[in-house]
Amino acid sequence: MSGCFRRDLLKYSAVLGAGSLGLTSATSVRAAAGNQQWAFQTDDDVSSSPTVVDGTVYVGSWDGNLYAVDAASGDKQWAFETGYYVGSAPTVADGTVYVGSNDDTLYAVDAATGEQQWAFETTEPVASSPTVVDGIVYVGGGDYNLYAVDGVSGDQQWAFQTDGPVWSSPTVADGTVYVGSHDGNLYAVDAASGDQQWAFETGGNVAISYVSSSPTVVDGTVFVGSRDDNLYAVDASDGTEQWRFETGGNVDSSPTVADGTVYVGSGDNNLYAVDASDGIALAVMAI
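Set out below in structure tokens:
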């Protein structure tokens, strides 16, 4: 792994984990009152987003481990050691935890025991968080590829090559995989074949228009941020731009849509609420 790539990835991980970077514990907080219930200590930073399934919290750490922690007590159930730090957010499907590691590998781990089921090796860090649909695991790689991997065997189904690292986490809707790349494009790829359906170019300058944001698809529209400081709404069927909303900083945050409103954070330290239909700002909150 090149030193330049590693520095960029560390910087990107810091953006992803802005709320947790520098902390070495996974923390449970009671939603109603905000009181801490427990804290689970790891041996390094925790920038991976936790996933909770059937009373267990799954989370990665920069100490190289994937942890399973009891959601009620905070007690460790098991730890699975990879070869480098884990910034990818785990995905759990059918009793298996799928997670990427910066040792260039996508892992499948038994959710109950922590035993490895298989490992799929790439050639660069896997910072993207896996998405599992119909038994296929979709994940981006630092080696410029979007991969489709069989969830049971770990065999590659196809690879779609972009012109930059893929740290965006794929979203699958209606048989299409949507994912961003550091080449500045948002891609739509056929989930079955890996064939490109369309590509939407953001800022036009690859040096400043990385798409690290993970797309959200709602009612036929793809919402995604770019490091060109914009939030975009793109037609899911043909990739045409519907609108763009300009912020004052990089939009690495992944949009969330609720009740016709898009919520997204920006590197300008603001959280924005934007009308999903026309891209008009509804509210801005400094954070």
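Per the UniProt record's numbering, the sequence shown starts with residue 1, numbered consecutively.
The beta carbon of each residue, even a glycine, is placed where N, CA and C say it ideally should be.
Check                                                                                                           : Outcome
Burial state of residue 139 (16 or more Cβ within 10 Å)                                                         : buried
Contiguous beta strand (DSSP E) assignments of at least 3 residues, all confined to the region 141-213          : 145-150, 156-161, 171-173, 176-180, 185-190, 196-201
In chain order, each beta strand (DSSP E) run of at least 3 residues that lies wholly inside the region 213-238 : 216-218, 221-225, 230-235
Three-pair Cβ contact test at 8 angstroms for the region 236-246 versus the region 139-158                      : no
Integer Cβ distance of residue 264 from residue 225, believed to fall under 8 angstroms                         : 6 angstroms
For residue 131: DSSP bridge partner residues                                                                   : 138
Length of the line joining the Cα atoms of residue 91 and residue 132                                           : 8 angstroms
Under the three-state DSSP convention, the category residue 67 falls into                                       : strand
C-beta contact flag for residue 171 and residue 217 at 8 angstroms                                              : yes
Buried versus exposed, by CB contacts within 10 Å (16 or more), residue 278                                     : exposed
Minimum Cβ-Cβ distance from residue 224 to chain C less than 8 angstroms                                        : This model lacks chain C altogether, as it is built from one protein chain only.
With 16 other Cβ atoms within 10 Å as the buried cut-off, status of residue 282                                 : exposed
7 angstroms Cβ shell around residue 77 - same chain, five flanking residues per side excluded                   : 56, 68, 69, 70
Three-state secondary structure assigned by DSSP to residue 123                                                 : coil
Euclidean distance between Cα positions of residue 73 and residue 86                                            : 23 angstroms
Three-way DSSP call (helix, strand, coil) for residue 268 in this model                                         : coil
Anticipated Cβ contact below 8 angstroms, residue 111 with residue 97, distance rounded                         : 5 angstroms
Exposure of residue 179, with buried meaning 16 or more beta-carbon neighbours within 10 Å                      : buried
Residue environment, residue 113, which counts as buried when at least 16 other CB atoms sit within 10 Å        : exposed
Residues near residue 119 in its chain [Cβ-Cβ closer than 6 angstroms; skip 5 each side]                        : 105, 107
Three-state secondary structure assigned by DSSP to residue 101                                                 : strand
Contact under 8 angstroms by Cβ, residue 246 with residue 268                                                   : no
Euclidean distance between Cα positions of residue 190 and residue 266                                          : 30 angstroms
Host beta strand (DSSP E) of residue 39 (start-end)                                                             : 36-41
C-beta contact flag for residue 372 and residue 88 at 8 angstroms                                               : Absent from the model: residue 372. The displayed extent of the chain is 1 to 287, so no value can be given.
Buried versus exposed, by CB contacts within 10 Å (16 or more), residue 124                                     : buried
One or two residues paired with residue 60 in a DSSP bridge                                                     : 66
In DSSP terms, what residue 106 is bridged to                                                                   : 100, 120
According to DSSP, residues forming a beta bridge with residue 263                                              : 256, 273
Under 8 angstroms between C-beta atoms of residue 186 and residue 211                                           : yes
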